[in-house]
Amino acid sequence: MKVHEYQARGLMEEAGIPVPPSEVLDSADQALAAYDRLGEKTVVVKAQVHAGGRGKAGYVKLVSSAQEAAEHAQRMFAEPMVSKQTGPEGIQVRKILMAGAVDIAKEYYLGIVVDRVRRVPVMMASAEGGVEIEEVAARDPDAIKKAWFHPHLGLQRFQANVLAAAIGLSGDKAKAAVGIMLKMAKLFLAKDCSLAEINPLIETPTGEILAIDAKFNFDDNATFRHPDVQALFDPHEEDAAELRAKEFDLSYIALDGNIGCLVNGAGLAMSTMDIIKLHGGEPANFLDVGGSVTTEGAVEAFKIILADEKVKAVLVNIFGGIAKCDVIAGALITAAKEVGFKVPVVVRLEGTNVEIARQMLKDANLPQLKPAGDLTDAAKQVCACV
Ligand code: ADP
Ligand code: MG
């Protein structure tokens, strides 16, 4: 789960990480009052959307008057933000953060993710923070310093000291940065984050260290124990189809290809996507209906897949273990009636009650439905349809 920058700021403030003063706007007519409350000449107006690339899209603006702040706020609320990460239709801005501008002497990067190879969180720090951090990581990976820490022990002060020194900080600045790193690591563990990033962490000409942008993601499997984090969920930022899928306990992720996949089990879904690619196709989605799928859930899954106009064919790949093949076959027939199959649907069923299921599909006599022998046959057939 992702949250907005202003929400991440709230969490950082609670944790004692220094950030510039800020205000949050729901509409442009709040801009003048917010500017006055901040009481600073120069402020930064920042669109609050989950997509990145805001700066380059013109949705992070430094301004020096209330009038200018209001104009930019007006524009950002009115025109969807289009950036490299949004797609051509862009994304509607519903909140704006107005923050006091700070003089920047230097920009640093701090980030925590889970290192999946070592299976522990890793704190990363770089002296080359700012909007080009991805390029830095690609061009010069050694510019990113790392410290791995055990989730039960947390980041140790000596590790933070080493990192601070490695990115060129000393004296009081190092002390401030170490404090921020320790608080950030604590926050990461306490709230079950999957990502915590401060970019940039900045140094002012007078040697103050502040966080001026933050990005926090949370492990969806752990949000149940953090009602405060759940309360930060913004449904506007979710893909509508993914939200609908969630309501029915389906794991659905939209992808760029044209072959819809309806599969039970995440592992089987991964191998289905692999085999489609092996035979030259491109999956349009990842959809796992789960082990104990119901007719209702499967019908909804079909509706979601078929509502995607990119989908030119569907591969149904079900291994009936707990989910019985005849239930899936029933759902297929119901979905065909309710939704109508406008594209070919290749079906590979195996496992519990498969003979009953095959007979049901045969009797239903659905013209678009193409039974497959095994997984390879299914993948070849579906790829030939697009
Ligand atoms: P994004 O990462 O989405 O592009 P940032 O908040 O990191 O947005 O802003 C991009 C750049 O704008 C920063 O690297 C910094 O140089 C500048 N900036 C952002 N906030 C402030 C601020 N409060 N004061 C001064 N400059 C800022
Ligand atoms: Mg940033």
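Numbering (my numbering), first residue to last: 2 to 387. Heads up, the beta-carbon is just placed ideally off N, CA and C, and yes, glycines get one too.
Query	Result
Beta-carbon within less than 6 angstroms of Gly54's beta-carbon, same chain only, minus the 5 sequence neighbours each way: which residues are those?	Ser84, Lys85, Gln86
Could I get the ranges of all uninterrupted alpha helix (DSSP H) runs contained in the stretch 297 to 370, with 4 residues as the minimum, in chain order?	326 to 339, 355 to 365
Short of 7 angstroms in beta carbon distance, which residues of its chain neighbour Lys42, apart from the five on each side in sequence? Order them along the chain.	Ser65
Name the DSSP bridge partner or partners of Asp193?	In DSSP, Asp193 forms no bridge with anything.
Just the Cα atoms here: how many angstroms apart are Ala74 and Asp240?	25 angstroms
Determine which residues share a DSSP beta bridge with Phe219 and list them.	Cys194
According to DSSP, simplified to helix, strand and coil, what is Met2?	coil
Out of Ile277, Ala70, Met82, Gln49, point me to the one whose CA is closest to Gly59's CA.	Met82
Which of helix, strand or coil does DSSP assign to Ile213?	coil
Pro81 lies in the beta strand (DSSP E); which residues open and close that run?	Pro81 -> no beta strand (DSSP E), and no H or E assigned at all.
According to the neighbour-count rule (16 or more other Cβ atoms, all chains shown, within 10 Å of its Cβ), is Ile323 buried or exposed?	exposed
Look up Phe287 in the DSSP assignment and say whether it is helix, strand or coil.	strand
Tell me the rounded alpha-carbon separation between Ala35 and Val25.	8 angstroms
Does the ligand HEM have even one heavy atom less than 8 angstroms from the beta-carbon of Asn218?	The ligand HEM is not part of this structure, which contains only the ligand ADP and the ligand MG.
Taking all protein chains shown into account, decide if Leu333 is buried (16 or more other Cβ within 10 angstroms of its Cβ) or exposed.	buried
If the criterion is Cβ atoms closer than 9 angstroms, does the pair Asn259 and Val387 meet it?	yes
Which of the three DSSP states, helix, strand or coil, is assigned to Val294?	coil
Measure the beta-carbon distance from Phe287 to Val340 and round it to whole angstroms, keeping in mind my assumption that it falls under 8 angstroms.	No, Phe287 and Val340 are not in contact; Cβ-Cβ is about 20 angstroms, not under 8 angstroms.
Quick one: measure Cβ to Cβ for Glu238 and Lys3, integer angstroms, because I've assumed they're closer than 8 angstroms.	7 angstroms
For a test of your reading of the model: does the CB of Lys42 fall under 8 angstroms from any non-hydrogen atom of the ligand ADP? Yes or no.	no
Taking contact to mean 3 or more Cβ pairs, one atom from each stretch, closer than 8 angstroms, check whether the stretch 288 to 295 and the stretch 360 to 375 are in contact.	no
Taking 8 angstroms as the cut-off, is the CB of Gly11 close to at least one heavy atom of the ligand ADP?	no
Quick one: complete beta strand (DSSP E) runs, 3+ long, within the stretch 41 to 118?	44 to 48, 61 to 64, 97 to 101, 107 to 116
Relative to the ligand MG, is the shortest distance from any of its heavy atoms to the C-beta of Pro201 smaller than 8 angstroms?	yes
Comparing alpha-carbon positions, which option in Glu90, Val344, Gln231, Met125 lies nearest Gln8?	Gln231
In or out: Glu108 buried (at least 16 other Cβ within 10 Å) or exposed?	buried
Can you have a look at His1 and say buried or exposed, based on whether 16 or more other CB atoms are within 10 angstroms of its CB?	Residue 1 lies beyond the range of the chain shown here (2 to 387); nothing can be said about it.
Using alpha carbons as the reference points, say which of Pro89, Asp275, Ala165, Ala178 lies closest to Leu316.	Asp275
For the ligand ADP, is there any heavy atom lying closer than 8 angstroms to the beta carbon of Gly131?	yes
Determine the DSSP secondary structure at Asn265, reduced to helix, strand or coil.	coil
Among Thr207, Cys194, Leu370, which has the Cα closest to the Cα of Phe225?	Cys194
Under 8 angstroms, with one C-beta from each stretch per pair, do the stretch 185 to 194 and the stretch 125 to 135 reach the 3-pair mark?	no
Quick check on this structure: which residue in Leu244, Ala139, Ala330 has the alpha carbon closest to the alpha carbon of Gly352?	Ala330
Can you tell me whether Lys57 sits near the ligand ADP, meaning its C-beta is under 8 angstroms from at least one heavy atom of the ligand?	yes
Give me the DSSP bridge partner(s) of Tyr253.	Leu288
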